[in-house]
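Quick notes on the structure that follows.
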Amino acid sequence: DIQMTQSPSSLSAFVGDRVTILCRASQSVYTYVSWYQQRPGKAPNLLIYAASTLQPGVPSRFSASASGRDFTLTIDSLQAEDFATYYCQQTYTYPRTFGQGTRVEVK
Amino acid sequence: VQLVQSGPEVIQPGESLTISCQTSGYNFAKFWIAWVRQVPGKGLEWMAIFFPGDSDTKYNPSFEGQFSMSSDRSRSTAYLHWSSLRASDTATYFCARHRTSGDGKYDAFDFWGQGTTVTVSS
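Same order as they appear, the protein sequences are chains A and B.
Here the first sequence is numbered in our numbering, starting from 121 and rising by one per residue.
Here the second sequence is numbered in our numbering, starting from 2 and rising by one per residue.
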């Protein structure tokens, strides 16, 4: 199975901060990566697919990029509703593995 | 598009269970349904996917043999079934619509159910 390793596992930030989350694949997955946000007690919500394409309806402060096996999710000007856990997922092979998650907490 | 899952369950070890995922707002037969497990306090785990159009399945080898999937196209509903649950199956189970693009590049789980919490305890 392809392993998706996220870093950091958690971070603390202020409202208004810029936050970056890294996801590294254990082997090449090209640009076959999605990102999800999960608020406590809720279902995940799709943010990004194909490594950098914003899902319709997702605020433009969310962006993502890819470089080789490294994938980055950036949140510009963090809002109160963005405090949540974020997961990357590779869609290159089965099983479609998720990263372990990055929890974004209030500082 | 909506996916509405059945309610929470408390089950004894060894019992069987079926949970459901009722969909609406799209052609049920044309999209894969994914099942994702989340153990309390842990991350997301991709379990398997099911295609209602022809009942095709793809399983995560880590989960294969532990459950089965089915659907009722007349009800636009997908099911996840266990024949004998264990305490380690305690988790929240999500269904999601799996949008696919053939080669996987644009694949994503674009709509999710609210989750069904399954507690296995004696």
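By construction, the Cβ of each residue, glycine as well, lies at the ideal position given by its N, Cα and C atoms.
Task: Cutoff 6 Å; reference A:G219; Cβ partners in own chain excluding five residues on either side - done: M124, Q126, C143, Y207, C208
TODO: Name, please, each residue of chain B whose Cβ falls closer than 9 Å to the Cβ of A:F237.
DONE: A question about residue 237 of chain A goes unanswered here, because the residues of chain A that appear run from 121 up to 227.
- [ ] Out of B:D90, B:Y107, B:P53, point me to the one whose CA is closest to B:Q39's CA.
- [x] When C-alpha distances from B:Q39 are compared across B:D90, B:Y107, B:P53, the shortest belongs to B:D90.
Task: Closer than 7 Å: B:C22 CB and nearest the ligand MG heavy atom - done: The ligand MG is absent from the structure shown, which contains no ligands of any kind.
Open item on the list: On the criterion of 16 or more Cβ atoms from any shown chain inside 10 Å, does B:R74 qualify as buried, or is it exposed?
Closed with: It is exposed - the Cβ of B:R74 has fewer than 16 other Cβ atoms within 10 Å.
Task: Completely contained beta strand (DSSP E) runs for the region 17-103 of chain B, where each covers 3 or more residues - done: List check, beta strand (DSSP E) in window: 18-25, 33-39, 45-52, 57-60, 69-73, 78-83, 92-100.
Task: Of the residues A:S146, A:P160, A:T213, A:I195, the one placed nearest A:L174, counting alpha carbons only - done: Ranked by how close their Cα comes to the Cα of A:L174, the residues A:S146, A:P160, A:T213, A:I195 have A:I195 in first place.
Task: Three-state class that DSSP yields for B:D108 in the structure shown - done: coil
- [ ] Quick one: measure Cβ to Cβ for B:M70 and B:A49, integer angstroms, because I've assumed they're closer than 8 Å.
- [x] For B:M70 against B:A49, the beta-carbon gap comes to about 6 Å, under 8 Å, which counts as contact.
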